[in-house]
Ligand SMILES: [Zn+2]
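This is the structure we're talking about:
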């Protein structure tokens, strides 16, 4: 009997039709994915093997450095999940993706559905399937929410997608305003529009990223709000509520599509973006 010396991994040689091969190459060209990733994703779906991938466009450091040029369309993003967040070309507002539909929060705090042709310079998405869920009977603020979510996560070293549904007693959020290329994220968000609402029904959606991923993503929790009536939304700064329904998905696979043209190629991405991210993206430093 033949046995593998490297169980669970290693190259596998298969023959596929030329039509499939060209479709595979086209998918890789359009999405920036590798053939390994596309084949793995397709097989996992076909064979119903659970794998929880976070798909990301560009990096947090690039955003901090002012690389705001949209590089992936909403149409393409929809092929990489049904859930996620990001921003749009020129840092024009906040992106929200819930149950397969993509929304665009505008600088006045209102929300419209995004067209498939809009482009994003930064996005994070996933196919959301909850690994565990809970009801949070009381959330007194951002730090309290984070502490309660921490207890639901499996590890400090895995990514997680987070969905919270309910009626929020109080929520504060901001929407990024359009910025010129090269204006760093801290300066660009220093004049951002902030909003506060009481008794708002809706969903908070987003991700938790490990601190080691700080060059790629926003470390810690990064949540966006989409109101249930799809009228309001943005980047969450503070929250209070009761009886909130939380679902968490662990993610053990990270796929990153890097821009292959424009300012990204020239940007200095060697710096640690932590301090700038905490200032520009940080929640919890606002009272809920
Ligand atoms: Zn955000």
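In the working numbering, the protein residues as written are -9 to 278.
Note that the Cβ used here is the ideal one computed from N, Cα and C, for glycine as well.
What's the gap between the Cα of residue i and the Cα of residue j?
{"i": "residue 90", "j": "residue 156", "result": "19 Å"}
{"i": "residue 98", "j": "residue 37", "result": "45 Å"}
{"i": "residue 55", "j": "residue 137", "result": "30 Å"}
{"i": "residue 118", "j": "residue 13", "result": "26 Å"}
{"i": "residue 57", "j": "residue 81", "result": "9 Å"}
{"i": "residue 181", "j": "residue 9", "result": "51 Å"}
{"i": "residue -3", "j": "residue 63", "result": "Confidence in residue -3 is poor, its pLDDT being 43 and thus under 50, which makes the residue's placement too unreliable to answer from."}
{"i": "residue 7", "j": "residue 34", "result": "20 Å"}
{"i": "residue 212", "j": "residue 272", "result": "8 Å"}
{"i": "residue 270", "j": "residue 11", "result": "43 Å"}
{"i": "residue 134", "j": "residue 228", "result": "10 Å"}
{"i": "residue 251", "j": "residue 210", "result": "29 Å"}
{"i": "residue 31", "j": "residue 103", "result": "27 Å"}
{"i": "residue 96", "j": "residue 132", "result": "23 Å"}
{"i": "residue 259", "j": "residue 208", "result": "15 Å"}
{"i": "residue 84", "j": "residue 76", "result": "6 Å"}
{"i": "residue 266", "j": "residue 254", "result": "18 Å"}
{"i": "residue 163", "j": "residue 5", "result": "51 Å"}
{"i": "residue 279", "j": "residue 149", "result": "Absent from the structure is residue 279, since the part of the chain shown begins at -9 and ends at 278."}
{"i": "residue 100", "j": "residue 2", "result": "50 Å"}
When the Cα of residue i is compared with those of the options, which residue comes out closest?
{"i": "residue 237", "options": "166, 160, 140, 6", "result": "140"}
{"i": "residue 92", "options": "106, 82, 83", "result": "106"}
{"i": "residue 201", "options": "250, 12, 5, 264", "result": "264"}
{"i": "residue 111", "options": "270, 248, 260, 160", "result": "248"}
{"i": "residue 60", "options": "78, 71, 70", "result": "78"}
{"i": "residue 256", "options": "52, 71, 179, 147", "result": "52"}
{"i": "residue 73", "options": "83, 46, 96", "result": "46"}
{"i": "residue 261", "options": "214, 174, 109", "result": "174"}
{"i": "residue 71", "options": "84, 88, 83", "result": "88"}
{"i": "residue 66", "options": "100, 122, 21", "result": "21"}
List the DSSP bridge partners of residue i.
{"i": "residue 243", "result": "43"}
{"i": "residue 234", "result": "126"}
{"i": "residue 163", "result": "185, 226"}
{"i": "residue 67", "result": "Residue 67 is not bridged to any residue."}
Assuming residue i and residue j form a contact by the criterion Cβ under 8 Å, report the distance between their Cβ atoms to the nearest whole angstrom.
{"i": "residue 28", "j": "residue 17", "result": "5 Å"}
{"i": "residue 113", "j": "residue 152", "result": "With 8 Å as the limit, residue 113 and residue 152 do not qualify as a contact, their Cβ atoms being about 16 Å apart."}
{"i": "residue 116", "j": "residue 43", "result": "6 Å"}
{"i": "residue 178", "j": "residue 166", "result": "7 Å"}
So is residue i in contact with chain B if we call contact Cβ pairs under 7 Å?
{"i": "residue 258", "result": "No chain B appears in the structure shown, which is made up of a single protein chain."}
Stretch-stretch touch, CB-based, cutoff 8 Å, three pairs: the stretch 177 to 189 with the stretch 243 to 250: no
Measuring CB atoms only, is the stretch 219 to 237 touching the stretch 125 to 138, in the sense that at least three cross pairs come out at less than 8 Å? yes
Is it true that the stretch 192 to 211 meets the stretch 166 to 184, where meeting means three or more beta-carbon pairs spaced less than 8 Å apart? no
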